[in-house]
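Contents: one structure, followed by commentary.
Numbering (my numbering), first residue to last: 980 to 1141.
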């Protein structure tokens, strides 16, 4: 039976036992300034139409930009991009300093070297407790054969075939 008195830290640690890929989501704010955030709460929703979802903490500095964005890019990081993941996880002023990008949909920056870029138009946004759930329709994508970056129990890892 599910307890409604679940400790937040224990819940977060339990969620960490589910290995995820690591993404950096990018968009432009209302002034056209690039915004980015490291996100592991990324998932597919539908094949037809091609929909994905991810979520962002409502108190994050970049939350308003993402909630109001009409387009965004999901950059699936490669195993060689741990430093980029850490850079975009911080709340520093300009996360794009020293980062190689190319322009995607609506001039949204795409991170060079990412395993996959999902270029999306915002489909819907939903309240999800302390997070906002954002659904995007994939309108373009590219991928390569590089190894993706994995996050498991608080540490980065590489995928290993069994």
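Idealized CB from N, CA, C, for every residue including glycine.
Going by beta carbon distance, what residues of the same chain come within less than 7 Å of residue 1074, once the five residues before and after it are set aside?
-> 1015, 1066 and 1067
Check residue 984 in the structure and name its three-state DSSP category.
-> coil
Mind pulling the beta strand (DSSP E) runs of 3 or more residues that sit fully within the segment 986 to 1016?
-> 1002 to 1007
Reference residue 1064; option with closest CA among 1012, 1083 and 1002 = 1002
Does the Cβ-Cβ distance between residue 1081 and residue 1102 come in under 9 Å?
-> no
Which partner residues does residue 1033 have in the DSSP bridge list?
-> 1021 and 1113
Report the option in 1083, 1037 and 1060 whose CA atom is closest to the CA atom of residue 1135.
-> 1060
What is the DSSP secondary structure of residue 1043, reduced to helix, strand or coil?
-> helix
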